[in-house]
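S.K.: For reference, the structure I am asking about is given below.
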Amino acid sequence: MQTRRIVQLLGSLRLTVVCLACAAIIVFWGTMAQVEIGVYAAQQKFFRSWFITAALPGTGLRLPVFPGGYLVGGITALNIVFALIQRHKTARQSLGLWLSHGGLLLLLIGQFSTDMFAVESVMRLVEGQPQWYSEDQRHVELAIVETTQPDDNVVTAIPQALLARQSEFAVPELPFRVKVRRFMANSVPVENADASADLITNHGASRQTNFREAPRQYSSDRRDMPTAEIELLGPQGSIGTCVASLWLAKTHALSVSNRTFELALRPVRYYKPFALELTRFKHEKYPGSAIPRNFESEVRIINPEKGENRNVRIRMNNPLRYYGETYYQSGYDERDPRVSILQVVRNPAWITPYISCALICLGLAHRFTSHLITFTKGFRK
Numbered sequence: 003m004q005t006r007r008i009v010q011l012l013g014s015l016r017l018t019v020v021c022l023a024c025a026a027i028i029v030f031w032g033t034m035a036q037v038e039i040g041v042y043a044a045q046q047k048f049f050r051s052w053f054i055t056a057a058l059p060g061t062g063l064r065l066p067v068f069p070g071g072y073l074v075g076g077i078t079a080l081n082i083v084f085a086l087i088q089r090h091k092t093a094r095q096s097l098g099l100w101l102s103h104g105g106l107l108l109l110l111i112g113q114f115s116t117d118m119f120a121v122e123s124v125m126r127l128v129e130g131q132p133q134w135y136s137e138d139q140r141h142v143e144l145a146i147v148e149t150t151q152p153d154d155n156v157v158t159a160i161p162q163a164l165l166a167r168q169s170e171f172a173v174p175e176l177p178f179r180v181k182v183r184r185f186m187a188n189s190v191p192v193e194n195a196d197a198s199a200d201l202i203t204n205h206g207a208s209r210q211t212n213f214r215e216a217p218r219q220y221s222s223d224r225r226d227m228p229t230a231e232i233e234l235l236g237p238q239g240s241i242g243t244c245v246a247s248l249w250l251a252k253t254h255a256l257s258v259s260n261r262t263f264e265l266a267l268r269p270v271r272y273y274k275p276f277a278l279e280l281t282r283f284k285h286e287k288y289p290g291s292a293i294p295r296n297f298e299s300e301v302r303i304i305n306p307e308k309g310e311n312r313n314v315r316i317r318m319n320n321p322l323r324y325y326g327e328t329y330y331q332s333g334y335d336e337r338d339p340r341v342s343i344l345q346v347v348r349n350p351a352w353i354t355p356y357i358s359c360a361l362i363c364l365g366l367a368h369r370f371t372s373h374l375i376t377f378t379k380g381f382r383k
């Protein structure tokens with residue numbers, strides 16, 4: 003009996019109304035929050051979460067105060083499935099409803115798949131320089147590059163999630179262990195710092211640089227600048243300590259067991275089996291304003307595997323789709339007009355919105371047509 007009530011509740015129209023009301027509140031709340039915390043943080047807090055949490059005053063404890071986008075979307079998906087099973091068991095008689103509701107369900111599943119598996123990155127193109135990788139704007143990695151063979155560099159990358167644990171790592175390919183003594187997800191350089199301050203200090207060849215931990219950045223026009231204090235450990239003990247940071251452009255070079263390495267903290271890189279080379283970049287503005295009118299990049303695709311070498315044009319509303327990725331014209335570097343910036347998106351579920359919208363339209367058209375035919379027959383009688 004209890005199970006039957008739960009099934010009826012999951013397929014009830016009341017639950018549909020509650021889910022729609024909660025979704026409307028989340029959309030309004032999240033949209034308003036974008037002004038203060040930025041688009042990315044609002045998406046993570048309101049739409050890509052099971053619960054919306056708030057800090058308990060006077061403590062660091064966060065408590066759920068409202069269902070998040072994932073929870074509302076998941077319950078809505080269950081509501082659609084149970085409603086179809088309970089009310090429209092015969093697909094032939096309710097084909098339009100099955101198609102339209104199936105499209106809605108596919109739309110929810112596609113959005114969840116996008117959040118789980120889509121990868122966004124940025125590719126900076128300089129005229130005349132082929133680019134073989136794109137970079138993540140939100141996450142970094144500790145890259146240890148073996149340069150013993152000049153023509154064959156071997157890269158070992160430790161992701162940010164492991165660096166944040168501030169623990170010790172043993173990589174079989176390396177003749178030393180890596181110990182993360184401290185990690186700052188965001189940092190700022192400071193001068194004339196108090197000796198008692200909680201800092202990471204880089205003792206450079208010409209000057210000393212101190213880094214202090216800073217609040218995380220979530221706005222779309224700013225990014226975190228992480229800093230890490232790294233200690234390398236060999237069989238006989240400590241080899242040395244260095245500071246890796248996005249603030250430092252220079253890499254750390256070292257030699258261990260007749261092998262040479264370079265160590266640096268950098269944005270996560272996504273290497274491609276092909277290169278894009280910028281041949282010409284056009285940036286047009288509306289007369290008398292700084293509002294962009296048109297961004298346009300002419301790039302050459304260099305793919306040694308396929309023997310491909312051809313030119314394509316990427317515009318603001320005309321992206322390049324290649325190798326399962328989409329390259330959008332995102333912007334340019336204000337300090338260097340030769341640099342074009344592309345937004346790179348790999349989304350395995352990119353086709354689901356098109357399929358779901360087609361199903362919804364077919365379902366509504368079938369439903370409308372069937373009712374029109376029934377009405378016409380009744381009117382003639």
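Counting in our numbering, the sequence shown runs from 3 upward without gaps. Glycine included, each C-beta is placed from N, C-alpha and C at the ideal position.
Give a yes or no on contact between the segment 260–268 and the segment 135–154, applying the rule of three or more CB pairs nearer than 8 angstroms.
M.R.: Touching, per the Cβ criterion.
S.K.: Taking all protein chains shown into account, do 16 or more other C-beta atoms lie within 10 angstroms of the C-beta of residue 358, making it buried, or fewer, making it exposed?
M.R.: By the 10 Å Cβ count, residue 358 comes out buried.
S.K.: Out of 29, 22, 298, point me to the one whose CA is closest to residue 285's CA.
M.R.: Checked all of 29, 22, 298; the closest Cα to residue 285 is 298.
S.K.: Comparing alpha-carbon positions, which option in 12, 145, 217 lies nearest residue 164?
M.R.: With distances taken between Cα atoms, residue 164 lies closest to 145.
S.K.: Are the beta-carbon atoms of residue 217 and residue 187 separated by less than 7 angstroms?
M.R.: Not in contact: residue 217 and residue 187 (Cβ atoms no closer than 7 angstroms).
S.K.: Can you give me the Cβ contacts of residue 10 inside the same chain, cut-off strictly under 8 angstroms, excluding the 5 residues immediately before and after it?
M.R.: For residue 10, where only same-chain residues beyond five positions count, the Cβ hits under 8 angstroms are 88.
S.K.: How far does the alpha helix (DSSP H) with residue 111 in it reach, from first residue to last?
M.R.: Its alpha helix (DSSP H) spans residues 97–119.
S.K.: On the DSSP bridge list, what partners appear for residue 236?
M.R.: 239, per the DSSP bridge assignment.
S.K.: Measuring straight from C-alpha to C-alpha, what distance separates residue 208 and residue 193?
M.R.: Confidence is the limiting factor: at residue 208 the pLDDT is only 44, short of 50, which leaves the residue's position unreliable and the question unanswerable from this model.
S.K.: Any chance the segment 329–346 sits against the segment 98–112, with 3 or more Cβ pairs inside 8 angstroms?
M.R.: Touching, no, given that fewer than three Cβ pairs across the two stretches are closer than 8 angstroms.
S.K.: Going by CA-CA distance only, name the one from 155, 156, 171 that's closest to residue 162.
M.R.: Nearest of 155, 156, 171 to residue 162, Cα basis: 171.
S.K.: Among residues of its own chain, excluding the 5 on either side of residue 240, which ones have a beta-carbon nearer than 8 angstroms to its beta-carbon?
M.R.: Taken in chain order, the residues that qualify are 233, 234.
S.K.: Does residue 288 come out as helix, strand or coil in the three-state DSSP assignment?
M.R.: It is coil, neither helix nor strand.
S.K.: For residue 181 and residue 135, what's the separation of their Cα atoms in angstroms?
M.R.: About 28 angstroms.
S.K.: Hey, would you say residue 341 sits closer than 7 angstroms to residue 122, going by beta carbons?
M.R.: The answer is no: Cβ separation not under 7 angstroms.
S.K.: Using the rule of at least 16 other Cβ atoms within 10 Å of the residue's Cβ for burial, across every protein chain shown, is residue 385 buried or exposed?
M.R.: Summary: the structure shown does not reach residue 385, with the chain confined to residues 3 through 383, and so no result is reported for it.
S.K.: Which term fits residue 243, buried or exposed, when burial requires 16 or more other beta carbons within 10 angstroms of its beta carbon?
M.R.: The residue in question, residue 243, is exposed, as its Cβ has fewer than 16 Cβ neighbours within 10 Å.
S.K.: Which two residues bound the contiguous alpha helix (DSSP H) that contains residue 84?
M.R.: Counting along the chain, the alpha helix (DSSP H) containing residue 84 begins and ends at 71–89.
S.K.: Assign residue 189 to one of two classes, buried (16 or more other C-beta atoms within 10 Å of its C-beta) or exposed (fewer than that).
M.R.: Its Cβ being crowded by 16 or more others within 10 Å, residue 189 is buried.
S.K.: With respect to the alpha helix (DSSP H) encompassing residue 43, which residues constitute its N-terminal and C-terminal limits?
M.R.: Looking at the DSSP string, the run of the alpha helix (DSSP H) that includes residue 43 is 41–44.
S.K.: Just to confirm, are residue 67 and residue 56 a CB contact at a threshold of 7 angstroms?
M.R.: For residue 67 and residue 56, yes; Cβs fall inside 7 angstroms.
S.K.: To test your reading of the DSSP string, which unbroken beta strand (DSSP E) runs of 3 or more residues are found completely within the segment 251–301?
M.R.: Correct list: 254–258, 261–287.
S.K.: Go through its chain and collect everything with a Cβ distance to residue 112's Cβ below 7 angstroms, but skip five positions before and after it.
M.R.: Cβ within range, chain order: 351, 354, 355, 358.
S.K.: So, for residue 75: in the same chain, excluding its five sequence neighbours on each side, which residues have a beta-carbon less than 6 angstroms away from its beta-carbon?
M.R.: Once the five neighbours on either side are set aside, the close Cβ partners of residue 75 are 110.
S.K.: Measure the alpha-carbon distance for residue 101 versus residue 362 and round it to whole angstroms.
M.R.: Distance between the alpha carbons of residue 101 and residue 362: 6 angstroms.
S.K.: Only counting the same chain, and skipping five residues up and downstream in sequence, which positions put a Cβ closer than 7 angstroms to that of residue 304?
M.R.: Only 132, 276, 277, 279, 311 meet the Cβ criterion.
S.K.: For residue 211, tell me which candidate among 251, 86, 21 has the shortest Cα-Cα distance.
M.R.: It is 251 whose Cα lies nearest to the Cα of residue 211.
S.K.: How many angstroms separate the CA atom of residue 345 from the CA atom of residue 137?
M.R.: Straight-line Cα distance between these residues: approximately 10 angstroms.
S.K.: Classify residue 338: buried if its beta carbon has 16 or more other beta carbons within 10 angstroms, exposed otherwise.
M.R.: By the neighbour-count rule (16 or more Cβ atoms within 10 Å), residue 338 is not buried but exposed.
S.K.: Would you call residue 143 buried or exposed, if buried means 16 or more other Cβ atoms sit within 10 Å of its Cβ?
M.R.: Looking at its Cβ environment, which holds 16 or more other Cβ atoms inside 10 Å, residue 143 is buried.
S.K.: Can you list, in chain order, the residues of its chain with a C-beta nearer than 7 angstroms to that of residue 198? Leave out the 5 residues immediately preceding and following it.
M.R.: Caution applies to residue 198, whose pLDDT of 47 falls short of 50 and renders its modelled position unreliable; the value that the coordinates give is listed next. Cβ within range, chain order: n/a, list empty.
S.K.: Using three-state DSSP, classify residue 61 as helix, strand or coil.
M.R.: Of the three classes helix, strand and coil, the one that applies to residue 61 here is coil, per DSSP.
S.K.: Relative to the C-alpha of residue 129, which residue among 372, 308, 307, 300 is closest?
M.R.: Nearest of 372, 308, 307, 300 to residue 129, Cα basis: 300.
S.K.: Specify, as a first and last residue, the run of the beta strand (DSSP E) that residue 347 falls within.
M.R.: 338–348 is the span of the beta strand (DSSP E), which, as asked, contains residue 347.
S.K.: In angstroms with no decimal places, state the Cα-to-Cα distance between residue 266 and residue 224.
M.R.: Rounded to whole angstroms, residue 266 to residue 224 spans 21 angstroms at the Cα level.
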